[in-house]
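Protein chains in written order, with my numbering: chain A, 156 to 371; chain B, 156 to 371; chain C, 156 to 371.
By construction, the Cβ of each residue, glycine as well, lies at the ideal position given by its N, Cα and C atoms.
Being a predicted model, the structure only gives us computed values, none of them experimental.
To start, the structure itself, in structure tokens.
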Amino acid sequence: MEALDAWLRYVDVLAIAAFAASGALVAARKRLDPVGFILIGCATGFGGGTVRDLLIGRTPVFWLSEPLLMGVGVGASVAVFFLAPLVQNQHRALLWADAAGMAIYAVLGAEIALRMGAEPWAAVLMGVVTASFGGVLRDVICNEIPLILRQEIYATAAAAGAAVFALLLWQGLAREPAFLAGVAVAFAIRAAGILLGWSLPVYGARPGLGREHPDR
Amino acid sequence: MEALDAWLRYVDVLAIAAFAASGALVAARKRLDPVGFILIGCATGFGGGTVRDLLIGRTPVFWLSEPLLMGVGVGASVAVFFLAPLVQNQHRALLWADAAGMAIYAVLGAEIALRMGAEPWAAVLMGVVTASFGGVLRDVICNEIPLILRQEIYATAAAAGAAVFALLLWQGLAREPAFLAGVAVAFAIRAAGILLGWSLPVYGARPGLGREHPDR
Amino acid sequence: MEALDAWLRYVDVLAIAAFAASGALVAARKRLDPVGFILIGCATGFGGGTVRDLLIGRTPVFWLSEPLLMGVGVGASVAVFFLAPLVQNQHRALLWADAAGMAIYAVLGAEIALRMGAEPWAAVLMGVVTASFGGVLRDVICNEIPLILRQEIYATAAAAGAAVFALLLWQGLAREPAFLAGVAVAFAIRAAGILLGWSLPVYGARPGLGREHPDR
């Protein structure tokens, strides 16, 4: 596969910085040292793109040959180490940084799957995987409850953004506006989840279900 | 590598549906929304096959070009969202769905490793990895204690099924009966673990060992 | 990529044995059966090398064609099952086995990334990833707090060892002494972390930060 277009690379840089910052904010909560910030920041920032590259077989993975991108991930992580004390509400900053990364990666993942000739719904699922993986890695390594499991809408936002993008492309829209529309939809839906507590109807609460091992 | 034989594909569909259902049942316990069901269901259903494909270098991974299989995973997850309320004992249903997926993937993983020219014991370990990975992914993402860590026999069942399959092939038996025998052995041993509490002798309980950090 | 030099392979064997033993010691703490020991031991022993091979696209991964290495991993795991009861302080044994594996993999990962033509700082990050992944996998599967998140210096030791190695190579030193120096530095720093409680300055404790969701 050829390199991403220049503007897609800028977008990728934004997503990496946002995800790395979200990872570094979790590192702050865990009181890690600067190397820990870099490690968790980079795992979050590069996790989604890495799993995307692995799944489609594009190896060596992108960041091994992109010192600039790695510099962005490392830089964002280190910046958070020094700047986070200035942030009033770190958990909220984490949610928004994660939302920005998620929205971009959802559409970027779908775009790349489409380029590989995947069916539209495979591309949407690929978008969701790409958007989710970095954050899941961050939360699993750090023993946090994955954001994706919280009740506020999350994976749905990624799926919707990727689907809107695929749909607009299929309708003949040019790549750039379709991309922006997809990102906007994913981000707006997730924002509604954060700000308004939006959620899909969840699996119903019924007596006896909440216990860990209902049959014991 | 050429495509799987037709009947192996049916078997694969069964395993994906069973594992996806087990993932969706954990999603039910976590009260996720339908997209969460699909995400956890597909992570569980496709996790084992994905890691298998990655390890042997067969990329892009199978599900990116198999909308039918993805439909099975998504369909099974959505079906559980609607049908699980009818199931009396969801934890038990989860155990059995997981056991079915595990038994099939143990032998399928060994079969594919053998086709790649792996040594028999490498094939057995590959079978165990393939059979375990989806469930471990499910439990780790969802913050559950992995089934593989519970005391009832689990990885042993996968190893035994894969070993029986490899042994029967080596004895000259045809592929299909050897496959079925391996699956039957893995499933039977795991069933004994679930129903009768079968377990291997575990590492012995001794004073002082149970503490989290015995040296502190 | 050609095979590793003979002496690098011996070093790899040492790292696999050490990491497998650390995994088996966690399995002992979890009171798993022998197959569980093998599974966790091999996940830890081969995890780092597997992710290294996946990231650089060297598939099928090394252990599928190296029954000897797999034998080392299985053997070390089984040996711990039988010998661990003789060990007074298992948690300390785990820390040291992990430190040995970490130190070797940090430099080995950097070496292999350099061979692939990676930039020095990419090689250092690759060393850290390779050194950390097996242990993170072990701790995440087993529901332990990852060693890498504890306060005692860890990722820093891996980064320092990989950096020293890359620096010495760049200064024109021969591969073998540079390798040994890198491993020695990584191990010595980690040892200081274990024995003396060395740590980097961590992200500062400030009022309100410790709560899980400060904004709720």
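How far does the alpha helix (DSSP H) with D208 of chain A in it extend, from its first residue to its last? For D208 of chain A, the enclosing alpha helix (DSSP H) covers residues P189 to I211.
Are the beta-carbon atoms of L269 of chain A and L219 of chain B separated by less than 8 Å? With contacts defined as CB atoms closer than 8 Å, L269 of chain A and L219 of chain B fail to qualify as a contacting pair.
Apply the 10 Å Cβ neighbour rule to Q243 of chain C and answer buried if 16 or more other Cβ atoms are within range, or exposed otherwise. Counting Cβ neighbours within 10 Å, Q243 of chain C comes out exposed, since fewer than 16 surround it.
Would you report the Cα separation of R164 of chain A and I267 of chain A, rounded to the nearest angstrom? Cα to Cα, the separation comes out at about 12 Å.
Would you kindly work out how many angstroms separate the C-alpha atoms of G365 of chain B and F174 of chain C, rounded to a whole number? Because G365 of chain B sits at a pLDDT of 42, beneath the cut-off of 50, its placement in the model cannot be relied upon, and the following sentence gives the value as read from the coordinates. Taking the straight line joining both Cα atoms gives about 22 Å.
List, in order along the chain, the chain B residues whose C-beta lies closer than 8 Å to that of M353 of chain A? Before going on, a small fix: residue 353 of chain A reads as Trp here, not Met. Those do not exist, as W353 of chain A stays about 10 Å from chain B at its closest Cβ, beyond 8 Å.
Where A329 of chain B sits in the DSSP three-state scheme: The three-state reading of DSSP puts A329 of chain B in coil, since its state is none of H, G, I, E or B.
Assigned secondary structure, W162 of chain C (DSSP; H/G/I helix, E/B strand, else coil): DSSP, read as helix, strand or coil, puts W162 of chain C in helix.
Beta carbon of A254 of chain A, beta carbon of I195 of chain A: below 8 Å? The criterion of a C-beta distance shorter than 8 Å is not satisfied by A254 of chain A and I195 of chain A.
Do the segment 337 to 346 of chain B and the segment 298 to 314 of chain B make contact, defined as three or more Cβ pairs closer than 8 Å? Below 8 Å, enough C-beta pairs join the segment 337 to 346 of chain B and the segment 298 to 314 of chain B to call them touching: three or more.
Could you check what DSSP says for M271 of chain B in three-state terms: helix, strand or coil? Correct three-state label for M271 of chain B: coil.
Beta-carbon proximity list for V262 of chain B, same chain, < 8 Å, skipping 5 on both sides: Around V262 of chain B: G282, G316, A317, F320, F334, G337, V338 and A341.
Would you be able to state if there are at least three C-beta pairs under 8 Å between the segment 178 to 187 of chain B and the segment 291 to 308 of chain B? At 8 Å Cβ cutoff, the stretches touch.
For T285 of chain B versus G203 of chain B, is the C-beta distance shorter than 8 Å? A contact, by the Cβ cut-off of 8 Å.
Consult DSSP for R186 of chain C and reduce its assignment to one of helix, strand or coil. Three-state DSSP puts R186 of chain C in coil, outside helix and strand.
Count the other CB atoms, across all protein chains shown, that sit within 10 Å of the CB of E367 of chain C; report buried if there are 16 or more and exposed otherwise. Note that E367 of chain C has pLDDT 42, beneath the 50 cutoff, so the model's placement of it is unreliable and no number is given.
Leaving out five residues on either side along the sequence, give the residues of the same chain with a beta carbon under 6 Å from the beta carbon of C197 of chain A. Answer for C197 of chain A: G228, listed in chain order.
Kindly list, in the order they appear in chain C, the residues whose Cβ is closer than 7 Å to that of T311 of chain B. Correct list: D188 and V190.
Rounded to whole angstroms, what is the Cα-Cα separation between V279 of chain A and E221 of chain C? V279 of chain A and E221 of chain C have their C-alpha atoms roughly 38 Å apart.
Interface residues of chain A around F236 of chain B at Cβ under 9 Å? Y358, listed in chain order.
Between the C-alpha atoms of E307 of chain A and P189 of chain B, what's the straight-line distance to the nearest angstrom? Rounded to whole angstroms, the gap between the alpha carbons of E307 of chain A and P189 of chain B is 13 Å.
Quick one: measure Cβ to Cβ for R330 of chain B and L324 of chain B, integer angstroms, because I've assumed they're closer than 8 Å. Yes, they are in contact, since the Cβ atoms of R330 of chain B and L324 of chain B sit about 7 Å apart, within 8 Å.
Would you say M257 of chain B faces chain C, with C-beta separation under 8 Å as the test? Cβ-Cβ to chain C under 8 Å: no for M257 of chain B.
Going along chain C, which residues have a C-beta under 9 Å from M225 of chain A? Under the 9 Å cutoff, chain C gives E274, W276, A277 and L280.
Would DSSP call Y358 of chain B helix, strand or coil? Per DSSP, reduced to three states, the secondary structure at Y358 of chain B is coil, with no helix or strand assignment.
In this structure, does DSSP put L364 of chain A in helix, strand or coil? A caution first: L364 of chain A carries a pLDDT of 43, below 50, which makes its placement in the model too unreliable to give a value.
In chain order, what are the residue ranges of uninterrupted alpha helix (DSSP H) at least 4 long that sit wholly in the segment 223 to 299 of chain B? Taking only runs of at least 4 residues, the alpha helix (DSSP H) segments lying wholly in the segment 223 to 299 of chain B are 245 to 270 and 275 to 296.
Hey, how far is the Cα of F288 of chain B from the Cα of G178 of chain A? As the crow flies, the alpha-carbon of F288 of chain B is around 25 Å from that of G178 of chain A.
With a threshold of 8 Å between beta carbons, is P222 of chain A in contact with chain B? Cβ-Cβ to chain B under 8 Å: no for P222 of chain A.
Looking only at C-alpha atoms, which of B:D160, B:G352 and B:A172 sits nearest to V233 of chain B? Ranking B:D160, B:G352 and B:A172 by CA distance to the CA of V233 of chain B puts B:A172 first.
What did DSSP end up calling V340 of chain B once you bin it into helix, strand or coil? The answer is helix: DSSP assigns V340 of chain B an H, G or I state.
So is Q245 of chain B buried or exposed if we call it buried at 16+ other beta carbons inside 10 Å? Q245 of chain B is buried by the Cβ-count criterion.
8 Å Cβ cutoff met for A170 of chain C and Y260 of chain C: Yes, these two residues count as a Cβ contact at 8 Å.
Any residues in the segment 200 to 215 of chain C with a beta carbon nearer than 7 Å to a beta carbon of chain A? Which ones, in chain order? When C-beta distances to chain A are compared with 7 Å, the residues of the segment 200 to 215 of chain C below that value are L209, L210, I211 and G212, in chain order.
Using the rule of at least 16 other Cβ atoms within 10 Å of the residue's Cβ for burial, across every protein chain shown, is P215 of chain B buried or exposed? So P215 of chain B ends up on the buried side.
Quick one: grab the DSSP three-state call for G348 of chain B. G348 of chain B: helix per DSSP, three-state reduction.
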